[in-house]
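Single-structure report; data block below.
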Amino acid sequence: MCATQGVRVPKGQVMTARVTMALASLRLNEKTGSATRRSNTGGHWVNEEATLVPRVIMVRFALLVLALLGPAVVVTPGLSQSSAACPVMSRSADPPSTMAENSAAPIYGYRVVREFPHDPDAFTQGLVYADDVLYEGTGQYGESTLRRVDMESGRVLDWTALDPMYFGEGIAIVADRIYQLTWQTQTAFVYDRETLKPLTTFSYVTEGWGLTTDGEQLIMSDGTNRLFFRDPETFKASGRVTVCDGNQPVPDLNELEYIGGEVWANVWQTDRIARIDPVTGLVTGWIDLSGLLSAADLEAQSVDVLNGIAYDPETDKIFVTGKLWPKLFEIELIPPTDRSG
Ligand SMILES: [Ca+2]
340 MCATQGVRVP KGQVMTARVT MALASLRLNE KTGSATRRSN TGGHWVNEEA
390 TLVPRVIMVR FALLVLALLG PAVVVTPGLS QSSAACPVMS RSADPPSTMA
440 ENSAAPIYGY RVVREFPHDP DAFTQGLVYA DDVLYEGTGQ YGESTLRRVD
490 MESGRVLDWT ALDPMYFGEG IAIVADRIYQ LTWQTQTAFV YDRETLKPLT
540 TFSYVTEGWG LTTDGEQLIM SDGTNRLFFR DPETFKASGR VTVCDGNQPV
590 PDLNELEYIG GEVWANVWQT DRIARIDPVT GLVTGWIDLS GLLSAADLEA
640 QSVDVLNGIA YDPETDKIFV TGKLWPKLFE IELIPPTDRS G
């Protein structure tokens, strides 16, 4: 996601707030009406409270229905940006320590294997390793690009710019095509992998944040705790999962990478990557990448958050970077049990 996330307002919450305000307003009006509304009929005052009651009940009922259906009705055809609820695990005879609702996913550490230069002006929103080079999607209005980057030098080899009205987001490669999401314009661009020339576009109803692929389906995040599976040919959603750590929703899922049967997701505004089972949506582990940039790196320039995971399945190498970061890192994980050593 972007630096201007502070102004992003979940649509569903807006509607809920509006309905709540409408209800509060009605209650005030009702209160005023029942207490003071009288009319002078035929020379004497008639209290209208009795005639108001059925109308009030009907209006209240209508607003209650609106309150219940409002977000779904108004957000259509989009989807709410609110997080989806996680199932509350049913209690069983299992001891508490083994129950999902009480479990904490293990936290992995990291070791830096190697550092690479990274364009400090790249507002990284998508990162993929393929063809022995990096493919990177960058964001910001007027600055969004899709680029091919030399790994060793960080030099941009080839690039294409998005129209200034689009804020580039996650990217993924399937066969000879590169897909790139946009943040709030509900448009995915498809490029030729070799030339980076735009081929076509698809539309979707959510925001666009992260994108990856399991080799068959595209997997997309929208800033909530949902992952959507999409057909690369049509971009139609073929399924989705709700991402939870135990029974806690894990929202703000950002840049993604499919690694060894798991979906790894940067969690926006944190130094953590969630390791997600794409079948169940459950977080099976966390990777704590705090301290990746040195104090000198942080002092040298203004940087934004950790965002960007790439993977080379041939060598099993993992690469991470961040928005406006001057460096890209190859890392290895340190299992939770080894972190103290
Ligand atoms: Ca990625």
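Just add 339 to the spot in the sequence shown (first one is 1) and you have my numbering. Ideal placement from N, C-alpha and C gives every residue a C-beta, glycine not left out.
Leu663 and Ser421 have their C-alpha atoms spaced approximately 28 Å apart. For Ala604, no alpha helix (DSSP H) encloses it; the enclosing beta strand (DSSP E) starts and ends at Glu601 to Val606. For ligand 1, a non-hydrogen atom lies closer than 7 Å to the CB of Val467.
In the DSSP assignment, Asp651 falls within the beta strand (DSSP E) that extends over Leu645 to Asp651.
Closest by C-alpha distance to Val472, out of Ala649, Glu601 and Ala576, is Ala649. For Asp636, the secondary structure class from DSSP, reduced to helix, strand or coil, is helix. Residue burial is scored here from C-beta neighbours: Trp625 has at least 16 other C-beta atoms within 10 angstroms and is therefore classed as buried. Less than 8 Å separates the beta-carbon of Gly549 from that of Gly509. Residue pairing from DSSP places Ala511 in a beta bridge opposite Tyr518.
Counting only residues of its own chain and dropping the five nearest sequence neighbours on each side, Pro445 has a CB closer than 6 Å to the CB of Gly624 and Pro675. Residue pairing for Asp627: DSSP places it in a beta bridge opposite Arg611. Residues of the same chain with a CB within less than 8 Å of the CB of Thr540, apart from the 5 flanking positions on each side, are Thr526, Ala527, Phe528 and Val529 in chain order. Between Ala511 and Thr551 a beta carbon distance of about 5 Å is seen, short of the 8 Å cut, so the two are scored as contacting. Rounded to the nearest angstrom, the gap between the Cα atoms of Trp522 and Ser483 is 11 Å.
In the DSSP annotation of this structure, Ser641 is not part of any beta strand (DSSP E), being labelled neither H nor E. Within the same chain, and ignoring the five residues on either side of Glu533 in sequence, no residue has its Cβ closer than 6 Å to its Cβ. With a 10 Å radius around the Cβ and a threshold of 16 neighbouring Cβ atoms, Glu638 comes out exposed.
In chain order, Lys666 and Phe668 place their CB closer than 7 Å to the CB of Glu454, counting only its own chain and leaving out the 5 sequence neighbours on each side.
Pro652 has its alpha-carbon roughly 25 Å from the corresponding atom of Ala461. When beta bridges are read from the DSSP output, Glu482 appears opposite no residue.
Within the same chain, and ignoring the five residues on either side of Gln556 in sequence, the residues whose Cβ sits closer than 6 Å to its Cβ are Phe568. The alpha carbon of Lys536 has as its nearest neighbour, out of Trp498, Gln464 and Pro456, the alpha carbon of Trp498.
Remark: the shortest separation between the CB of Leu501 and any heavy atom of ligand 1 does not fall under 7 Å. A distance of 8 Å or more separates the beta carbons of Val602 and Ile673.
Cβ neighbours of Ser629 within its own chain (closer than 6 Å, five residues either side excluded): Asp610. Per DSSP, reduced to three states, the secondary structure at Pro617 is coil, with no helix or strand assignment.
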